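Residue numbers (full-length UniProt numbering): 1 to 492.
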């Protein structure tokens with residue numbers, strides 16, 4: 001069910017090359033609910049919108065829906081006669097791929113709120129499925145299910161679930177739902193209820209489902225019954241779900257998007273959901289500002305000032321976070337308890353996040369950014385601002401692993417001890433490290449591949465041990481960086 005990295009890249013390339021028949025490529029928000037001029041590019045078929053409460057995730061979701069004239073703006077942007085006077089200045093510009101309107105180019109449309117109503121001239125149509133947060137409310141608390149409490153069975157049809165719904169919902173729930181049924185009103189096709197079957201063979205209605213179980217089945221059923229090229233919008237994908245189910249559901253979404261040529265956008269507060277996506281697929285909306293990249297949910301707390309007692313360092317990913325945390329503990333032990341390191345995505349995202357952090361008047365503690373050195377010299381990468389610095393001159397995981405590989409003979413016995421590899425002799429360890437280097441594999445999988453070669457010893461132990469060794473034997477590498485950290489985070 002989960003797509004491979006190469007398949008994810010292929011899907012991203014399809015978006016870039018306008019291979020979809022219908023696709024929202026870009027949304028620009030002007031004066032909309034606090035957004036002044038923010039641009040969101042949808043680079044992947046499945047996109048996660050993360051952020052703080054009130055940060056603007058649902059606003060972006062609604063703005064995307066406005067790309068199609070069959071969607072009513074009032075569903076996402078209702079106007080009250082109290083407090084909504086500023087809507088007269090709202091403007092949403094959309095860049096859209098629509099092969100029915102233009103085969104060889106994208107089209108641009110602008111939705112404006114003028115004279116108490118939305119103006120959307122010459123907008124295209126598309127099937128849109130909006131999966132609301134209400135799906136997670138127990139059936140007994142929703143009035144739409146009241147008709148199933150008392151009535152005549154002759155007024156309802158019973159049917160098996162879609163085979164694809166059964167296949168993928170069973171995978172996400174980790175239980176067989178082959179015998180589940182759908183009960184639908186003969187007079188109102190939108191009125192339906194699910195009936196499950198227990199292990200002992202007895203049936204039970206949706207009134208006795210867990211909220212998460214009903215949510216997953218309903219979400220997958222709606223997606224599998226949608227036509228190709230549908231736009232799927234989902235509010236708070238993790239609501240009511242176990243973290244494992246969240247990860248599996250996101251994997252399902254990427255799979256469904258590929259199979260059915262869908263565009264799927266969801267909001268979330270879940271780190272588990274974010275972890276299953278590429279950095280390009282994640283947009284963070286914080287205080288009406290947006291950033292593209294794999295910001296961790298934890299880092300959002302720092303950006304918004306919730307980590308008020310800590311100085312902050314933003315890095316690109318979790319490997320660098322572990323690397324820098326270890327180095328600070330070793331070389332700046334007195335300062336270490338006052339510093340938190342957060343993964344904030346690639347360049348220039350982490351630089352912009354750090355800049356926003358330092359400009360936020362509600363945050364009294366400073367931040368800096370440490371940028372992976374692999375972007376040095378690339379087109380468009382200029383001089384870093386005062387509160388940012390490059391760390392090394394290439395990929396961080398390559399720096400660490402290459403050093404260990406180059407010095408494996410001298411360090412073999414220490415590697416054996418630090419990486420908890422005592423079941424192997426030093427010759428085996430050295431041989432497998434050399435094999436990794438000879439394989440010319442991607443630097444991102446150095447530690448994973450070594451783990452596989454050493455009988456699946458924990459990659460976590462191998463990575464932590466090698467990071468610790470590198471940091472111990474390379475004080476010169478860290479001196480300038482530690483001086484920068486000490487100066488920038490103690491002078492304010």
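Every residue, glycine too, gets a C-beta built ideally from N, C-alpha and C.
Only a predicted model underlies this, so the values are computations on that prediction, with no experimental measurement involved.
- Message: DSSP has residue 390 in a bridge; who is on the other side?
- Response: As a position in the chain shown, residue 390 is number 390, starting the count at 1. The partner list for residue 390 (beta bridge, DSSP) reads 371.
- Message: Suppose you measure from the CA of residue 117 to the CA of residue 37; what does that come to, to the nearest Å?
- Response: Reading the chain shown from its first residue, position 117 is the one you call residue 117. Reading the chain shown from its first residue, position 37 is the one you call residue 37. Just so you know, the alpha carbons of residue 117 and residue 37 end up roughly 21 Å apart.
- Query: Using DSSP with H/G/I as helix, E/B as strand and the rest coil, what is residue 12?
  - Reply: By 1-based counting over the chain shown, the position of residue 12 is 12. DSSP places residue 12 in helix when its eight states are reduced to three.
- Task: Determine, using beta-carbon pairs with one atom in the region 12-28 and one in the region 237-249, whether at least three such pairs fall under 8 Å.
- Result: Touching, no, given that fewer than three Cβ pairs across the two stretches are closer than 8 Å.
- Just the C-alpha distance for residue 226 and residue 97, rounded to the nearest angstrom, thanks. As a position in the chain shown, residue 226 is number 226, starting the count at 1. As a position in the chain shown, residue 97 is number 97, starting the count at 1. Approximately 19 Å, taken between the alpha carbons.
- Query: Using DSSP with H/G/I as helix, E/B as strand and the rest coil, what is residue 492?
  - Reply: The residue labelled residue 492 in the question sits at position 492 within the chain shown. For residue 492, the predicted structure reports a pLDDT of 48, less than 50, and the residue's modelled location is therefore unreliable. A value from the coordinates is still provided. Reduced to three states, the DSSP call for residue 492 is coil.
- Is the Cβ-Cβ distance between residue 312 and residue 352 less than 7 Å? Here residue 312 is taken as the residue at index 312 of the chain shown, counted from 1. Here residue 352 is taken as the residue at index 352 of the chain shown, counted from 1. Residue 312 is not a Cβ neighbour of residue 352, given a cutoff of 7 Å.
- The beta strand (DSSP E) spanning residue 123 covers which residue range? Translated into positions along the chain shown, residue 123 becomes position 123. Run containing residue 123: none; DSSP gives neither H nor E here.
- Message: If the criterion is Cβ atoms closer than 7 Å, does the pair residue 209 and residue 237 meet it?
- Response: Translated into positions along the chain shown, residue 209 becomes position 209. Translated into positions along the chain shown, residue 237 becomes position 237. No, the Cβ-Cβ distance between residue 209 and residue 237 is not below 7 Å.
- Who are the Cβ neighbours of residue 472 in its own chain at under 8 Å, not counting the five residues just before and after it? Here residue 472 is taken as the residue at index 472 of the chain shown, counted from 1. Cβ neighbours of residue 472 beyond the five flanking positions: 330.
- Item | Supposed close pair residue 377, residue 391 - CB separation, criterion 8 Å | By 1-based counting over the chain shown, the position of residue 377 is 377. By 1-based counting over the chain shown, the position of residue 391 is 391. About 15 Å separates the beta carbon of residue 377 from that of residue 391, a gap too long to meet the 8 Å contact definition.
- Given residue 162, which residues of its chain have a CB within under 8 Å of its CB, disregarding the five upstream and five downstream residues? Residue 162 sits at position 162 when you count from the first residue of the chain shown. Taken in chain order, the residues that qualify are 221, 224 and 225.
- Query: Would you report the Cα separation of residue 27 and residue 399, rounded to the nearest angstrom?
  - Reply: By 1-based counting over the chain shown, the position of residue 27 is 27. By 1-based counting over the chain shown, the position of residue 399 is 399. Answer to the nearest angstrom: the Cα atoms are 38 Å apart.
- Should residue 206 be labelled buried (16 or more other beta-carbon atoms within 10 Å of its own) or exposed? As a working mapping, residue 206 is identified with position 206 in the chain shown. The residue in question, residue 206, is buried, as its Cβ has 16 or more Cβ neighbours within 10 Å.
- Message: At 4 residues or longer, what runs of the alpha helix (DSSP H) sit wholly inside the region 404-458?
- Response: If one requires a minimum length of 4 residues, the alpha helix (DSSP H) runs lying completely within the region 404-458 are 408-418, 426-438 and 446-453, in chain order.
- Query: Which ranges does the alpha helix (DSSP H) cover as unbroken runs of at least 4 residues, wholly within the region 29-75, from first to last along the chain?
  - Reply: Taking only runs of at least 4 residues, the alpha helix (DSSP H) segments lying wholly in the region 29-75 are 57-65.
- Going by DSSP, name the residue or residues bridged to residue 323. In the chain shown, the residue the question calls residue 323 occupies position 323. According to DSSP, residue 323 bridges with nothing at all.
- How big is the Cα-Cα spacing for residue 8 and residue 252? Residue mapping note: residue 8 aligns to position 8 of the chain shown, counting from 1. Residue mapping note: residue 252 aligns to position 252 of the chain shown, counting from 1. Whole-angstrom Cα-Cα distance: 13 Å.
- Could you check how far apart the C-beta atoms of residue 432 and residue 453 are, in whole angstroms? I think they sit under 8 Å. Translated into positions along the chain shown, residue 432 becomes position 432. Translated into positions along the chain shown, residue 453 becomes position 453. Taking the Cβ atoms as the reference, residue 432 lies roughly 4 Å from residue 453, within the contact range of under 8 Å.
- Per DSSP, what kind of secondary structure is residue 340 in: helix, strand or coil? Locating residue 340 in the chain shown gives position 340, where the first residue counts as 1. Three-state DSSP puts residue 340 in a strand.
- residue 129 beta carbon less than 7 Å from that of residue 282: Residue mapping note: residue 282 aligns to position 282 of the chain shown, counting from 1. Residue mapping note: residue 129 aligns to position 129 of the chain shown, counting from 1. Taking 7 Å as the cut-off, the beta carbon of residue 282 is found no closer than this to the beta carbon of residue 129.
- Item | Proximity winner among 131, 218, 127 and 132, relative to residue 172 (alpha-carbon distances) | Along the chain shown, one-based indexing puts residue 172 at 172. Of the listed residues, the one whose Cα sits closest to residue 172 is 218.
- Give the straight-line distance between the Cα atoms of residue 12 and residue 45, rounded to the nearest whole angstrom. Here residue 12 refers to the residue found at position 12 when the chain shown is read from its first residue. Here residue 45 refers to the residue found at position 45 when the chain shown is read from its first residue. In this structure, the CA atom of residue 12 is about 7 Å from the CA atom of residue 45.
- For the beta strand (DSSP E) that residue 195 lies in, which residues bound it at each end? The residue you call residue 195 lines up with position 195 of the chain shown. Note, residue 195: beta strand (DSSP E), 192-197.
- Query: For the putative contact between residue 350 and residue 315, defined by C-beta atoms under 8 Å, what is the C-beta separation to the nearest angstrom?
  - Reply: Counting from one through the chain shown, the residue named residue 350 turns up at place 350. Counting from one through the chain shown, the residue named residue 315 turns up at place 315. Contact holds; Cβ gap of about 7 Å.
- Task: Write down the C-beta distance between residue 241 and residue 249 rounded to the nearest angstrom, noting that I regard them as a contact closer than 8 Å.
- Result: Here residue 241 refers to the residue found at position 241 of the chain shown. Here residue 249 refers to the residue found at position 249 of the chain shown. Taking the Cβ atoms as the reference, residue 241 lies roughly 7 Å from residue 249, within the contact range of under 8 Å.
- Can at least three beta-carbon pairs, one atom from the region 191-199 and one from the region 107-122, be found at a separation below 8 Å? Flag = no, the region 191-199 and the region 107-122 do not touch.
- Task: Starting from residue 295, trace the alpha helix (DSSP H) both ways and give me its first and last residue.
- Result: Translated into positions along the chain shown, residue 295 becomes position 295. Per DSSP, residue 295 belongs to no alpha helix (DSSP H) and is neither H nor E.
- For residue 125, which option in 442, 155, 99 and 273 has the closest C-alpha, if you only look at C-alpha atoms? Reading the chain shown from its first residue, position 125 is the one you call residue 125. Closest by C-alpha distance to residue 125, out of 442, 155, 99 and 273, is 99.
- Item | Residue from 264, 344, 276 and 324 with nearest C-alpha to residue 298 | As a first step, residue 298 is located in the chain shown; it is residue number 298 there, counting from the start. Nearest to residue 298 by C-alpha distance, out of 264, 344, 276 and 324, is 344.
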